[in-house]
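Participant:
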Amino acid sequence: MYKLNVISSEEVQLVEDKNTCGFDQLGNLSFCTRMAFFPIEGFLEVLKIRAPRTTLVYSLVNSEFRVLHSTVDQANGFIRLQKVDNHGSVVDSIRLFKD
1 MYKLNVISSE EVQLVEDKNT CGFDQLGNLS FCTRMAFFPI EGFLEVLKIR APRTTLVYSL
61 VNSEFRVLHS TVDQANGFIR LQKVDNHGSV VDSIRLFKD
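Going by UniProt numbering, the first residue of the sequence shown is number 1, and it counts up by one from there.
1) At what residues does the beta strand (DSSP E) containing Ile40 begin and finish?
2) Could you give the DSSP three-state label for Asn5: helix, strand or coil?
3) So, is residue 106 buried or exposed, given that buried needs 16 or more other C-beta atoms within 10 angstroms?
4) Report the rounded CA-to-CA distance for Phe31 versus Tyr2, giving the unit in angstroms.
5) Distance, Cα to Cα, Leu81 vs Ser89?
Right, dumping it as structure tokens:
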């Protein structure tokens with residue numbers, strides 16, 4: 001699970017929760033791990049990547065994450081977190097929801 005906290009207009013904190021839970025055959029929660037959280041704090045930098053005019057692409061500086069913000073897709077737009085490799089190729093993409 002990922003949580004993106006906005007600290008200021010340029011700074012964010014990304015928290016990666018690597019805990020997992022397991023379920024029994026009836027779907028009842030049977031266990032959860034208690035591993036650590038991994039916060040990453042940093043600044044967002046606008047990337048010059050070809051995208052629709054209504055989509056902004058940010059890099060979380062000195063990390064393997066990007067943040068995409070679309071202002072027209074659906075009613076309120078959406079925010080997507082992407083994990084990229086050393087070549088800039090997307091290896092994972094997660095849609096974030098507002099709390």
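Ideal Cβ placement from N, Cα and C applies to all residues, glycine included.
Because the structure is a prediction, the values reported are computed rather than measured.
Facilitator: Inspection of the coordinates gives the following:
1) 37–46
2) strand
3) With the chain represented from 1 up to 99, any question about residue 106 goes unanswered, as that position is not in the structure.
4) 20 Å
5) Rounded to the nearest angstrom, the two C-alpha atoms are 13 Å apart.
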